[in-house]
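Chemist:
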Amino acid sequence: MYEEGERQRSVLFRICKDGDLYSIPIQCITWVEPLVRRPTTVARSPDHIIGMYPLHGKNISIVDLGCLLGFERTTSSESSSQCLLIIENTRLGFLVEAVLGVETLCSYQRPGPLSRQFIQCVYSCDNRDELVLGLDVPRLLSIC
Numbered sequence: 003m004y005e006e007g008e009r010q011r012s013v014l015f016r017i018c019k020d021g022d023l024y025s026i027p028i029q030c031i032t033w034v035e036p037l038v039r040r041p042t043t044v045a046r047s048p049d050h051i052i053g054m055y056p057l058h059g060k061n062i063s064i065v066d067l068g069c070l071l072g073f074e075r076t077t078s079s080e081s082s083s084q085c086l087l088i089i090e091n092t093r094l095g096f097l098v099e100a101v102l103g104v105e106t107l108c109s110y111q112r113p114g115p116l117s118r119q120f121i122q123c124v125y126s127c128d129n130r131d132e133l134v135l136g137l138d139v140p141r142l143l144s145i146c
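For the sequence shown, my numbering assigns the number 3 to the initial residue and increments by one for each residue that follows.
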């Protein structure tokens, strides 16, 4: 899907403090919302669903992106840095530890066959000394 050297405007974020840097293409995100209160827990929901969150008159399902990627379940600590990435044309928000901004990324390589199943591409970023893992949003949404 991505050619080496292709440029992509993306939202950069961390799923856990001091963890890897991830990205989602900006066109997949409707907006970024700070998490200001705890979501309402929903009984018998999958492990990756934290709960429901009222936002602009609608209930949004909150997805623990870390849990979905195989990390330990995130606790919504109401820390000042936790945010929801509201996904375009859905009623889903991905919970992340911190949003670092929007940057233009240059595709560096496609992940190998043994890579995590939700990583679509590995990017380099001119403004950072670390690689960025580009998430495959359609694949993530397919199991939400």
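Ideal Cβ positions, reconstructed from N, Cα and C, are used throughout, including at glycine.
The structure presented is a predicted model; accordingly, all values stated were derived computationally and were not measured.
Taking the straight line between their C-alpha atoms, what separation do you get for Q10 and S47?
Modeler: Mapped onto the sequence shown, residue 10 falls at position 8. Mapped onto the sequence shown, residue 47 falls at position 45. Their Cα atoms are separated by approximately 34 angstroms.
Chemist: Which residues in the same chain as A100 place their Cβ atom closer than 8 angstroms to its Cβ, once the five residues preceding and following it in sequence are excluded?
Modeler: Taking the sequence shown and counting its residues from 1, the one referred to as residue 100 is at position 98. Same-chain partners within the cutoff: F15, R16, K19, S83, Q84 and C85.
Chemist: Find the nearest neighbour of T106 within the set T92, N129 and N91, judged by alpha-carbon distance.
Modeler: The count along the sequence shown starts at 1 and reaches residue 106 at position 104. Per the Cα distances, N129.
Chemist: Using a threshold of 8 angstroms, is the CB atom of H50 nearer than that to any non-hydrogen atom of the ligand ZN?
Modeler: The ligand content of the structure shown is nil, which means the ligand ZN is not present either.
Chemist: Which of helix, strand or coil does DSSP assign to V139?
Modeler: Start at 1 with the first residue of the sequence shown, and residue 139 comes out as number 137. Residue state, collapsed to three classes: helix.
Chemist: With distances taken from CA atoms, which of C127, V13, V139 and G103 is nearest Q119?
Modeler: Residue numbering aside, residue 119 sits at position 117 when the sequence shown is read from its first letter. Selected option, being the one with the closest Cα: V139.
Chemist: Distance check for P41 and N61, CA to CA, integer angstroms please.
Modeler: Here residue 61 refers to the residue found at position 59 of the sequence shown. Here residue 41 refers to the residue found at position 39 of the sequence shown. Using only the alpha carbons, I get a separation of about 10 angstroms.
Chemist: Quick check on G72: does DSSP put it in helix, strand or coil?
Modeler: Residue mapping note: residue 72 aligns to position 70 of the sequence shown, counting from 1. G72: coil per DSSP, three-state reduction.
Chemist: Would S25 pass as a contact of Y125 if the rule is Cβ separation under 9 angstroms?
Modeler: Counting from one through the sequence shown, the residue named residue 25 turns up at place 23. Counting from one through the sequence shown, the residue named residue 125 turns up at place 123. In this structure, Y125 lies closer than 9 angstroms to S25 by Cβ.
Chemist: How far does the beta strand (DSSP E) with Q10 in it extend, from its first residue to its last?
Modeler: Counting from 1 along the sequence shown, the entry for residue 10 is found at position 8. R9 to R16 is the span of the beta strand (DSSP E), which, as asked, contains Q10.
Chemist: Nearest CA to the CA of G136: which residue from P56, Y110, I145 and S144?
Modeler: Taking the first residue of the sequence shown as 1, we reach residue 136 at position 134. Taking only the C-alpha atoms, the option nearest G136 is Y110.
Chemist: CA-CA distance, C69 and L87?
Modeler: For this step, residue 69 is matched to residue 67 along the sequence shown. For this step, residue 87 is matched to residue 85 along the sequence shown. Near 15 angstroms, if we compare the C-alpha coordinates of L87 and C69.
Chemist: If you reduce the DSSP assignment to three classes, tell me which class I28 lands in.
Modeler: Counting from one through the sequence shown, the residue named residue 28 turns up at place 26. Note: I28 maps to helix in three-state DSSP.
Chemist: Check S63 in the structure and name its three-state DSSP category.
Modeler: To locate residue 63, count along the sequence shown from 1; it is residue 61. S63 falls in the strand class under three-state DSSP.
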